[in-house]
Structures are given as structure tokens and as C-alpha cells.
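Here the protein sequences come in this chain order: A and B.
When the letters of the first sequence are read in order and numbered with my numbering, they come out as residues 3 to 717.
When the letters of the second sequence are read in order and numbered with my numbering, they come out as residues 3 to 717.
Glycine included, every Cβ here is placed at the ideal spot set by N, Cα and C.
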Amino acid sequence: MLVPIFTLKLNHKINPRMVAIGKYDGIHPCLTAATQAGKVFIHNPHTRAQRPTAHRLSQSTQDSDISLLNINQSVSCLTAGTLGPKSTGDTLLVGSQTNLLAYDVHDNTDVFYKEVTDGANAIVLGKLGDIQSPLAIIGGNCALQGFDYEGNDLFWTVTGDNVRSLVLCDFTADGKNELLVGSEDFDIRVFKEDELVTEMAENETVTSLCHMHGSRFGYALANGTVGVYDRTARYWRIKSKNHAMSIHAFDLNADGVVELITGWSNGKIDARSDRTGEVIFKDNFSSSVAGVVEGDYRMDGQIQLICTSVEGEVRGYLPASKEMKGNLMDSSIEQDLIRELSQRKQNLMLELRNYEENAKALPGLSEGESKMGVIPANTQLQTALSVRRASESQKAHIELNISTPNETIIRAVLIFAEGIFEGESHVVHPSAQNLSGCVRVPIIPPKDIPVDLHIKAFVGGKTSTQFHVFEITRQLPRFSMYDLNVDPSAPEPTGKVTFCINDRPQRVVMWLNQNFLLPEGIDSPDVTFSALRGGGLLRISLQTSGEITLRTDDIDLAGDLVQSLASFLAIEDLQAESDFPVYFKELRATLTEVDEFHSVHQKLTAAMADHSNYIRNMLVQAEDARLMGDWRNMKKRYIELYDLNRDLVNEYKIRSNNHNALLARLKSVNQAIQRAGRLRVGKPKSQVITACRDAIKNNNINALFKIMRAGTTSS
Amino acid sequence: MELNLNHVDYIQVGVTSQKTMKLLPSAGRKSTQKVAVADHDGVVSCFGMKKGEAVPVFKSLPGQKISRPELGGALGTPQEKIFVSSGSEVRGYTKKGKQFLTFEANLTESINAMHVSGADLFVCASYIYNHYCDCKDQDYYLSGDKINDVLCLPVETVGRIVPILACQDRVLRVLQGSELQYDVEVPGPPTVLELHDRDGGKGGEEVLYGTADGKLGLVRIAKSGPVTSWELDNEKKKGGVLCIDTFDIVGDGVKDILVGRDDGTVEVYGLDGSNEPTLRFENVLSESVTSIQGGCVGKEMYDEVLTTTYTGWVSGLTTEPQQMVAGPGEEIKMSQETQGKVAALRAELEQLQLKVLQGREKYQQSSQSSTAVSAVPVFSINDKFTLCQDDASYSLTLEVQTAIDNLLLQSDVPIDLLDVDKNSAVVSFSECDSESNGNFLLATYRCQANTTRLELKVRSIEGQYGTLQAYVTPRLQPKTCQVRQYQIKPLSLHQRTHTIEQERPMNTLRLTGQFSFAEIHSWVVFCLPEVPEKTPAGENITFCFQNTFLGTQLEATYCKGEANFKSDNISTISILKDVLSKEATKRKINLNISYEVNEDSVSHTLRMIHPKLEYQLILAKKVQLIDALKELQVHEGNADFLIPEYRSILDESAQLLEEYKKQPAHLERLYGMITDLFIDKFKFKGQNVKTKVSQLLAILNNYELDSLMEFFSEA
């Protein structure tokens, strides 16, 4: 059994996922974590000498090993590592919703302090692609930004949604790092500098990513899933009812291969094999785990795994010694093996008994005689998927029809599927009087994603207490919420995207048949659907020249279609022309609003500065009055001061509303760029994104729309 | 004294009931003892251990499920004859496995408890007790509630036959011949009885009991009356007690008490100088412990605690050190032994696999035939649905022989599903269509591999009644699922007690009409938990109940044509009135309902709620402050500047948080009950005060007992 080699109680709360270890003087590792009240604490047990209290840093009065760093904003992420080429030690990087601070703890100076309008939800430090100097890359609201040690932003791109996790790893095995981004739209995206290499769809917000080795990386989702990918293939995953707070790669059993260490919200720490996900070690904290890091904290040349809990408990584990033979748990392998084999034997014997007893059952045994839920042996379950338009009583949905061919009834249907239900399952349980051999399940997928429906149907008689379980898997195609029946009076969509392909039309037909829910296939690539989710039409047409036009007012749908078709036809680079007048108009309005909010923001800041000056004066006057014993005046001043304070509070509220509104607008601008990018594939895509960014930087709105339409800057 | 026991698995038999494993007395002083186990397949297996290998002595043929084995023999000789009860039959085997006795007890129900003493045989079916001497009928007794266990004080020491019945209605019934001598009130429904020190202690009159809610006690059954020696509460909310034994495992010359519980806990209690039990050792197995015995099985000279679990695992917790530190040679030998075992198991598995494949094929083929039926035998589920007194919620435990794949919970009443730490299954709530299909809860639990036992917690609301259904699907081919139903009764939070305080101000409800005793009894069964289903003997009956949440009481007295209900809680009376009149209307029986409302009872109930409410409010307030205070502490560096009240909150923060976490939604439930009380009070006056509920909630938000009482009397 592996036991911690040291345990510390730090008496400071630790914010989840905001833990790092930095050697700020180049030698001594210090545990650094964000705590309450906009502070960051640095635990340095190695050099107890008193450091001067100045600038941001102050010594904690409770504990001489801990110094506190005042950020005065709630911290949203932090990391530490080598940033500058000349600095002796590591640089501490602290991100908040509005700023990024690079700080030299050793010299007690700011390296740079940058305003970042998109916020910093996640941060990673390291080298990216061909960029020479190490970058501090932050992920905010739909945007990624990388700064070098001087604070220059050398890297910028947009992504689909708010970024929640970042990691650098050599995904393509070309010797250079790619950036992996996990975001709130459930995707893990891989960026080779600013070019999107690939994306992997998950089914929840990606909260953590960590590099394992080579092109292998671990991930964690907000629904309690953790797993390991090798490139785009998922090796394994497990789901728990708890949430994974932090994941880290560490070779705990000293076999030369790192394990995935997960810290859970219930205080559990476990180490899982990177190949199978099998648990090789676990331990428990009394409160939720905050972060898992590694470092040579005892300064004896051995790297320890260091786990921290939100209540400030810290435990360090050394990798297992050779004698333990990789057996870190408190159990004997032999016992477990025998138990497992016996269990299997028991299971097989039970199964065998089922068959034997079944063979004994006489044909014609009626339901009344037993509650076993006897059904005819040839019962087979039929399932059918069809698109249903909205009616008065029901919203538009996809209907899954499950029926039995005989007099048996379906007691209940369980559907397990990812990403389309609120939880992971949907249950239909008709009341006793509504029991029948046919169950209709309405399904409304919220997004255009392909889904496997794992259906379990309980089939038996009306009074049975035991039912046969039929397990069937059906696939829901990606674009299933689209109906071929078109209302002829529906207005023609104004938006469109046009691009050329060099493939046979049959291939496009094939793509249509695979990705749409069509009752009886189609053979022409010219089709019109009505979108059930958003309303409006979708018209797809293919000219003999190979030019495809997608007409829809939904720019997201157009992007999804382009991406899906391109990957089906294996197109690497695709240039496209587009026009979405309605959406572009909205965007133009948003951009104007951004300007307005910016100017309001400036005005408010100026007003606040005025007020604070005024307060300073007033306070001096009030105190003067007090010292002079002029009670009447003092009272008056203080009443005024109180009013002013109230005004300030109100102003603050306005400011924060204004700020939130601004953030929302900026997010939608970033999303617009991302959407424009998604209409293209490969090189043209990253070109569009870069060009859009330049246009926004230069505040050239007309150029921005031109690029979005044409896909290039020139022309 | 530290007790160190190591887990060893011996063999696996079929599913076992409570108290179905016995250790045969050893032949010589040093030799190991033989084990006799009886299972649901009707097989009695007797085996001994030789060099870590289970060597069978004999194995009987399969038959009806065996409910209990007992050891017997002529008084004064080693008790080594094995008696088993199965169905309504008792069989006797010698220690070599020769059947020497078959005795048909001629009971209509099957025997569920048995005791053997010399030539005396005591058997119990659900309500009936029978005493036979030399297989001749002697005495007979009909119990008021279900009999869970039976015991007879040792005739050699006591000098007379004193049978004791453990009955579900929280009493031990001590008999004399066919008559009841006296009742012993115990704190919970007793599930198991055992003689202290195996011989009843010094006077032979000491009896240990365990209850379904996990309590333990020692009581002396003296001629004059019972003397309680000690009672042990179940503070840690462990499972119910299933089996007890006394054995000196510590080796200090004093016999220890071994306890097995239905949540898999195995405990060893030592008796200290004042004969009070203290916990010496605890181990948790993954399934419920059905029998426990102390003795020597695995290796001579090493005592151990032998247990069997629900799925039939016979395993020991031995004092023998598991891995000898003797040297490498010993270890290799050890693994060679196991290697042989593993190889044998593997070979067996392979053969089974073949057979199963054949069976599977045959089963598949039968699905082609139009006349064949598929009938899978019913698998056994060990389930328990009990009210926990401490937090007034129901706990549902389900245990299956093989791993559970998933569980579907469906309820037609609004209930809350609470999270249980021990439960690792991933829960997912599905949308409910309460209007068309009457579902108020649809939840699926997807279990982790190897989960054979599931524990859930459910919170009900008094007055809302219906059925909770659990569909259990094990991982066994062909896949089937079984449904279990649990009634949520109208007064679901009530529990039987022995007496009520008559001096409390009482409200009464009086029913008269043309109903039989059986009818009124069935209505009471419908309304209240823990009432025996069988109509009690005699003309009339009185039951007493206590509300586990509020502590209010209810007394139900009824006979043919008349029923009286007395309670100090007006809501209880109101619920009874509604439900009973509804039931009577359903059966077209004319009821005369009269009630007497005692005005004082409302303020009395409010006063009873007051301390609970106040405590919760203060707790909530304190917990709310913790974070802010901690932040101040960090900011200022210490907490010296705070007033003592706040400082004490900081000091106690850990306990406060724990307390708060233990009682989720406690405050909301109290508010709900006060609101019900308010509405019910005025309902009896014929006023509808639903419009004033918002005022009431406003008062509760600024709670003060006086203002609340005033509001109740004013409105």
C-alpha cells in the first residue's frame, strides 16, 4: 500500500484547478495556489528568511512559510514556468476575467500586466509550433491569445465557445507542440499554431486536459467522465457520479509509463493505467480535491506527486519502489484473481441454469400460470425512426417507434444516449392502463450530432413481474431534424454558401443519405428540407460544374454542413463564398454596440475617478470637522459621504452590467469569426480567421464583411 | 487492543438466507472445524479446509430453499447433528451427511425460523410458533406480528423451557407453554436472537438481539421479568443486524460479540470491565453478511471470524498473518498452491463456457420456432425498504446474486431521491410525463462493474401516497429485469412505538359505520407503515405511532363498526380523514366521521417544532457566515479582531459544515410541515387559508416563535 510521504495543512482554502508549482528563484519549488479574496498564496518551506513586504507580496501572519500575493480580482487561472529568456527562475502567471499578470516572485516585480477583454478561463505555458519564445497562452470567451515575456501577443485565434481547458502536446508527432483546447461546446480542438487541425466531439464541457506521453492525452468532462485519447481515437473512458476536479499524468507505479491521476470532487484520488483505465491506486481526502501537480518538494532529487484539497490539505506521494511490483493497493492479487474467476464461474452457471430451465418450459405455458414474463420465443422488437412536424400538442420531433409483433406488451423503454437528453438516459414508462405492444418516443436532439441510441425495452405480459430485456442500438444521423416535406409558402432563404468540389454527384447523394433521416433514400443531390428546430428552409443544389450551393439563413447549419461534407469527401482545403444578409446585419449592429459600450465604459471610468477624488476630499473635511469638534458639519459631511458611497455602488452596478453586456457582444463577434471560418476548410479557413482578426484590429468593418463573404482579403 | 484480521475467501455456494452457516464442533482440540452451509438451492454443503483447499465432507441434493440450519444432539453430547428447515419440512443429517430424520411440520406456510435443543424442536412460520418434543406436537402460539427469529433458553441451566420470539412489532415475546409470559420492548424490529456466550451467560438467561435498524442489545430474561443490560445505538447509520455470534477472537479470555450487518459490515465488539461493549474491529464486505461464526477453519491454531454473504461467499477474517515473512521460499510455495487453484478454475471455466455456448445456440434456435416460448427463471433479489428514524427518509437496498447492470426507479408520487455516498452508480433523471402516464419520478442508475448491492435514499411527503417501483436488470444472459414494488403510505413518516404520552393535547377522529374489523384493519394497513397485514386476533386493537420527523404521536384504536384516532398533530388527523373517507367511498361504505379539534394542540405542535426550527435557522445562518469570515481572516491575517461569537463560528466551521451537509433540505421540510399545519388547522374550521400562505412564509423567514403562534391564532 502506497502511503503519502508528507502531509501538510496549509490553513488556506484552495480554488479548484488553480494550483501550480514554480521554482521562482530557480532552485526551490514552491506550491502556489489561488485562494479566497482575490489572493494567491505561495508556500515556500525551503527558505524561511524573511522577505521584505512590499508591492503585491505580503507575509502571512499565521504561517511563516506562506506569502500572500494580492491580485484584488477574483483569480480565474494560474500557472508557473519559464517565460523569459533571461530570468533566473520561473514566472508566475495569474489570469482573471479582465487581466493577465506575469509576475516575478523572486524579484517581486511585474513582468507585464495586460488587459485581456476576452478573459482568461484557462492558461498554459510553453512553446507552440514554430514560435521561438515560450508563450503564455490564455483561453477566454471564444478566443485564444498567446503572450511572450514582453507581453506582445504573438498568437491569436478564435474557437467555437468559451475555453475551459488548454494543454500543449505534440499531437501530430512532428516535433512541435500543438495546442489542445477544450471548450463549453463539448469539443476538443487541436490547433497547429492558428490552424485548426482536427476536432473531437465529446458530450459535455471539457473541463481539464493533460498531456500523457507522445500523442496521448487525458481529458475530463463536467459530467464526471475521464478518459484518454491517442490522437483522435479514444482509448478508454469511465464515468463517475462525482466530478473530476483535476487530472495529471504521473508514473506512480514506476513502470516507465505515466498513469492518469484524477482528483475527484468527493475527495478521492485515483491513478489509472493509461491503456485500460484500470485503477492501480486510490486514496481519499476529506474534502474535494483542488489540484494535482508534481515537483521535487523535499529537494532530494525525487519527483513527488502532490495532491491538494480545497481545504488546504496537501499530500505528497513518491513513486512506488521496486519491491511493490506495481501493486499499490492493499489487496492480494491472487485472492482477487480467484475471486474474479469464481465470480465468472458463478455467472456462467447461472446462465446455463437459465437455458436449462427455459428448455423445460412447455410451449403454450400461459401468462396466468407464472409471473416469469413468458413470451413467445420468436418475439422480435421492431424499431423505426421518422421525422414528425410540429403539431398543436407537440413540438417537432423525431419519433422512435418500438413495437412487438404479438400480444406481449412493452412495460418500459430506457434509452441511453449521449448529448441529447438532460441526463444520460430517457425513460418511457406508460401507466398500467396505457400498456400496449407499441411505444412511441419523441426525441428532440438539441444539436446536429450523430447519436447512438442504446435502447433497452422491457417486454412481457400485463401482470408479469419479470420481463425480458431487449437491447437494440440505433443510430440517429447527424442532420436528423430536417424534413423533406416542404411548405410551399415558406419564404426562400436569403443566406447561402457556394463552393466547388471535384467529386461525382453520387458521392454527395451518398452523403445526404447517410447524414439525413430520409424515409426512402433519394437519388438526386438537389433537395430542399425544412428545418424543424429553427424553422426555415435548407436548399442544397449541385451544378454539373461541381458547384454546390447551400441556401439557409442559419450560418451555423451551413458551417456544419460544409464541415461534414468536406470530411466525408476527404477535402483538405475548401474555399467558399458566402452571404448571410440577415446574420451580417445583426453582426453589424453588434459591432456598433461594441463601440457604444466601449465609450460608455470609458465615461464611467472617468466618472468613477472623479467620485473617488471627491470622496477623498470629503473624508478629509469630515475628519477635520470631527477633530475641531464641529459636530454639525461632521454629520453633514458624513451624510454626504454616505450618499456618495451609495452613488458609487449604483455606478458600480451599472459598470458591471455594461461590462457583461460588452463581454457578450465580444463573444458574439468572436463567434462570428469562427462561423465565417467554419464555412471553409483547411488553409482558407485559417486565412479567413486571421484576416477577420486584422480587420477588427484596424476597425475596418467593411473589410470584415468582405472577407466573410469572399473568404479572402484580396479582390 | 489492536485486532488485525486478514480476509480469505473459501468457497462460493448458492444464495443464502440469514443465519444459514454453522461451524461443527471440532473433533480434537487442535484440529480445524468443519463448516455447514445451506443455500436457496436447497443444498446443505459441509466442508473442511485442508492446505487452503476446500475439501467437501458431504453435499445434499438440491431441493426447496433452506431457511435455517441448526445444530443439535442429545443434551450433554457434542451438538453435531445438522437440522435444516426447508418449506414446512425439517430434515436431520449426521455429521457424515447421512439423513436420519424427515419431519413434516404440517404448516400451511414455510418455516422461516427454527431452534433445536435436545429433543425439543421449535419452528416458526410468519405468525405461528410451534413446539415439538420428539416430533410430537406440544405447544402452539399465534403472534400479533411477524416472527423473525426464535430461541429457547438452555434447558440445562434454566431448568425449564423458555421460548423467546423476536417479533416485527419491536417486542421479544417470552412464552410459557402456549401462553405469553411477558413482552420485552426493544428499540427496533428485532431480526436476530442469540444466546450470550452461546450458553446464555451465567444464569443462562442472557439473550443478545439485533434489530433491522442496526441496533444491538443484551437483555436478561429472568423469571420475574426482563432486565436490560445494555443497548447500543446505531449512530453511524450502519446496516441492519442479520447475525450475531459470541467468540473470543481477541484471545483475552472474554468472549467478544461478532456482528454481521446487511450493508456488509462485520464488527467485533469487546466487553470491557463494566461489561459494556466497545468496537474492536470493523471490516466492510461488498454484500450483506448473512451469517457469522467464530471458530477455527483455515489453519489450526489460528482463530477466525467466518462469514457468509448473500451471494454465498464463505470467507474468513483470520488471525493468521497472510504473507509469512519467513523468506522467499515460502512465498513461491504459496503462489504454487494458488496457481494450481487458478488452473483448475480456468479449466472448469472453459468447459462451462462450451456448455453455455451450446445453451445459447439452442436458445437462439428456439426463436425461429413459432410455438416455443422463452421463460427465464426468476432470479432472487434481496430487498429492504425501511424508514430511517434519524433523518426521516426511506432507505432502499437491493441486492442481486450477480452484478447489476442498471436500475430503473419509477414512482407515481412526488418523492425526492437523495445521493448516497456508498452508491457509485451513475444516476440520471429522465423527464416525467406526469399528466398522461402518472410518473413523478423516472430515474436510471447505471452501475459500475461488479456492483451486486445498491443503496438508495428516498424522501417522502406525508399525505402523498402511491407506489415506488424498482426495475432491476442484472448482467446475466438472457437479459431479464424484475420489478419490485414499495408502498409509500399516506402517513409514511410514522413509526410504531410502544406507548404514547396521554397528557399531550389531542385531536380525535372518530369513524363509525357498517365496516368489519378486517376492513378497518386493512385501511389502517393502507395508511400506516409497520402494521401487520393479518387482521389481529380479538375484538379490538390499539396501535401507537410516532412521527419520526416531528415527534408527534398517533394512537389508533378500532374494532368492528368503530374507530378512534388520536393525535397531537392536526395534519396527521387531516390526512387520515381524507384517506379514510376516500377509501370508504371506493368501497361504497357509509362512514360517519366526527372529529374534535383541540385548539391547544396546534400551539403544542408548534412548540415541538420550535427547537428544531431554531436550531436549523441558527445553523443555516452560521454556515452562511463561514466563507465571509474566513475571507476576513485571510485578509487581516488573524481572527483576533472579531467578536467572540464570530470567532467561535470560525473555530467550529468544520463541524457546522458537516452538520449542515447531513441534513439536506431539513429547513424546507419543516417549513412545509408548518404550512400544512396552518392549512389543516383552518380546514377543520371550514376556512381556506391558502391565500395567506405567502404571509406565513414571510413570518417564517423572520422566524420568532411568538409571532408565528400569533399568526396561527389570528388568521
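- Sorting G269(A), I249(A), E574(A) by C-alpha distance to the C-alpha of L262(A) places I249(A) at the top.
- The three-state reading of DSSP puts K129(A) in coil, since its state is none of H, G, I, E or B.
- Its chain contains L593 as the residues whose beta carbon lies nearer than 6 Å to that of A586(B), once the 5 sequence neighbours on both sides are disregarded; these appear in chain order.
- Within chain B, the residues N439 have their CB atoms less than 8 Å from the CB of P432(A), given in chain order.
- Assignment of E111(B) by DSSP, reduced to helix, strand and coil, places it in the coil class.
- Taking 9 Å as the cut-off, the beta carbon of L4(A) is found no closer than this to the beta carbon of A35(A).
- Under the Cβ distance rule, Q345(A) counts among the residues neighbouring chain B, one pair being separated by less than 9 Å.
- In this structure, DSSP gives M214(A) an extended state, which the three-state scheme calls strand.
- Between V471(A) and chain B, the shortest Cβ-Cβ separation is below 9 Å.
- Collapsing the DSSP output to three states places A124(A) in a strand.
- One alpha carbon belongs to M20(A), the other to V126(A), and they sit about 12 Å apart.
- When the beta-carbon positions are compared, Y560(B) and L511(B) stay at least 9 Å from each other.
- The shortest C-alpha to C-alpha distance from P448(A) to any of S438(A), A22(A), Y484(A) is the one to Y484(A).
- In the structure shown, the three-state DSSP call for N8(B) is strand.
- Among the bridge pairs identified by DSSP, N509(B) is matched with S569(B).
- Taking a Cβ-Cβ threshold of 7 Å, the residues of chain A close to S371(B) are A379, N380, in chain order.
- Using beta-carbon distances, R649(B) does not count as an interface residue toward chain A, since no partner is under 9 Å.
- In the three-state scheme derived from DSSP, where H, G and I count as helix and E and B as strand, A104(A) is classed as strand.
- Within the region 608-640 of chain B, D629, K632, E633, L634, Q635, V636, H637, E638, G639, N640 place their CB atoms closer than 9 Å to a CB of chain A, listed in sequence order.
- Contact annotation: A558(B) and N566(B) have beta-carbon atoms nearer than 9 Å.
- N225(A) counts as buried, since at least 16 other C-beta atoms from the protein chains shown sit within 10 angstroms of its C-beta.
- With respect to E91(B), T79(B) sits apart: the two C-beta atoms are not nearer than 9 Å.
- The three-state secondary structure of G674(B), taken from DSSP, is helix.
- Per DSSP, F528(B) lies in no beta strand (DSSP E); the unbroken alpha helix (DSSP H) holding it starts and ends at 519-529.
- Less than 9 Å separates the beta-carbon of K562(B) from that of S518(B).
- The beta-carbon of A445(B) is placed less than 9 Å from the nearest beta-carbon of chain A.
- In the three-state reduction of the DSSP assignment, E280(A) falls in the coil class.
- Contacts with chain B (Cβ-Cβ distance below 7 Å) from the region 590-610 of chain A involve no residue at all.
- Listed by position along chain A, the residues whose Cβ is nearer than 7 Å to that of T475(B) are V471.
- A246(A) places its beta carbon less than 9 Å from that of S210(A).
- Not a single CB atom of chain A sits nearer than 9 Å to the CB of P666(B).
- Secondary structure note for F157(A): its beta strand (DSSP E) is the uninterrupted segment 155-160.
- Contiguous beta strand (DSSP E) elements confined to the region 269-350 of chain B occur at 279-286, 291-297, 306-311, 315-320, taking only those with 3 or more residues.
- For N425(B), same chain residues with a beta-carbon under 7 Å away, outside a window of 5 residues either side, are L456, E457, L458 in chain order.
- F188(A) sits in coil when the DSSP states are folded into three classes, being neither helix nor strand.
- Between the alpha carbons of E494(A) and A705(A) lies a gap of roughly 28 Å.
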